[in-house]
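These notes concern the structure reproduced below.
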DNA sequence: ATATTTGGTTATCAAATGATAATTAAGGGG
DNA sequence: CCCCTTAATTATCATTTGATAACCAAATAT
């Protein structure tokens with residue numbers, strides 16, 4: 001298989017991932033937050049602690065918009081902005097307790113759908129899936 | 001590994017896929033079309049021929065909005081709507097020649113970035129990647 | 001023959017997002 | 001000290017997207 005074919009395989013793969021992600025996360029977020037806001041919370045949840053710049057890079061939007069959305073999330077008490085004591089321009093962003101609760105609820109819904117999706121997989125299949133996730137994360141979807 | 005761990009692995013994996021997809025597709029689309037319009041074109045390109053309903057399901061938006069965006073794409077001569085001769089309510093959607101050209105250009109940019117991303121992978125790695133893509137597509141991200 | 005369902009369209013309005021620019025404040029290098 | 005860069009904020013405006021509802025026409029079921 002040459003690179004071009006592999007490329008098309010990847011395009012079709014990512015399309016599937018996006019479709020399934022849509023399906024799994026559909027209506028999992030509370031109505032009180034927008035789609036990007038949910039994406040931001042998810043990013044923070046996965047990364048535990050992060051910075052506005054990192055969030056901005058990963059969600060690839062204009063920085064001003066990231067800043068705006070973070071302010072909104074902060075007003076809603078879903079995140080905490082903590083000033084860096086060494087470099088006072090920087091801040092680190094974490095989920096507040098309320099934010100953690102929101103994400104736990106969302107993840108519970110998504111997890112149930114995920115479990116449903118793999119319910120027919122054998123032990124063997126699950127091992128394959130796990131190995132494949134690791135492989136792709138390390139070799140293709142690395143930072 | 002229990003299901004909960006596998007779930008978290010998948011969440012973090014899909015986050016990576018989204019991030020890398022963002023990176024690869026950044027500015028690849030022409031300015032004349034919006035993000036969703038690009039997504040729709042991509043979906044049609046991957047599926048060759050499809051219907052408004054299918055597009056709607058996969059992009060998971062309100063049908064009226066799908067219809068609106070398809071009209072816009074049609075006005076821009078990027079897609080063709082072809083009436084089904086048997087059931088005249090249905091239509092099939094294809095890329096026009098112009099639409100194909102637009103997508104070829106976009107894919108060329110994305111492919112170059114993709115090649116760059118895998119340039120350090122060995123033949124062995126590429127085989128692993130290909131196998132992992134197939135595995136996940138069949139066992140986890142199936143329709 | 002007439003409901004009902006299916007596939008799709010159109011209009012409209014609110015909300016979210018994108019893009020740009022001007023601004024503040026802190027850190028680093030010469 | 002002055003200049004430049006980095007990190008982030010705020011304001012503003014255009015555009016996109018989401019959501020809802022009313023609608024049409026073809027197919028299907030009763």
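Protein chains in written order, with UniProt numbering: chain A, 1 to 143; chain B, 1 to 143. Glycine included, every Cβ here is placed at the ideal spot set by N, Cα and C. None of the values given here were measured: they were computed from a predicted structure.
On a Cα-Cα basis, can you pick out the residue from the options that is closest to residue i?
i	options	result
residue 122 of chain B	A:131, A:24, A:140	A:140
residue 42 of chain A	B:10, B:65, B:50, B:32	B:10
residue 89 of chain A	A:108, A:52, A:133, A:38	A:52
residue 116 of chain B	B:93, B:4, B:20, B:2	B:20
residue 2 of chain B	A:111, A:35, A:85, A:66	A:111
residue 71 of chain A	A:61, A:87, A:128, A:93	A:93
residue 46 of chain A	A:91, A:127, A:103	A:103
residue 36 of chain A	A:79, A:143, A:66	A:66
residue 113 of chain A	A:62, A:23, A:130, A:95	A:23
residue 100 of chain A	A:54, A:48, A:18	A:48
residue 78 of chain B	B:129, B:135, B:143, B:33	B:33
residue 142 of chain A	A:12, A:58, A:40	A:58
Classify residue i as helix, strand or coil using the three-state DSSP reduction.
i	result
residue 91 of chain B	strand
residue 81 of chain B	strand
residue 157 of chain A	Residue coverage of chain A in this structure runs from 1 to 143, which leaves residue 157 of chain A outside it and unanswerable.
residue 34 of chain B	coil
residue 56 of chain A	helix
residue 28 of chain B	coil
residue 76 of chain B	coil
residue 115 of chain A	helix
residue 67 of chain B	helix
residue 104 of chain A	helix
residue 86 of chain A	coil
Tell me where the beta strand (DSSP E) around residue i begins and ends.
i	result
residue 61 of chain B	From DSSP, residue 61 of chain B is part of no beta strand (DSSP E); its letter is neither H nor E.
Starting from residue i and walking both ways along the alpha helix (DSSP H), at which residues does that stretch end?
i	result
residue 25 of chain B	3 to 25
residue 128 of chain B	123 to 139
So residue i and residue j are supposed to be a Cβ contact under 8 Å. How far apart are they, rounded?
i	j	result
residue 26 of chain B	residue 38 of chain B	Going by Cβ atoms, the distance from residue 26 of chain B to residue 38 of chain B rounds to 12 Å, so no, they are not a contact pair.
residue 76 of chain B	residue 91 of chain B	Not a contact, Cβ separation roughly 17 Å.
residue 17 of chain B	residue 14 of chain A	6 Å
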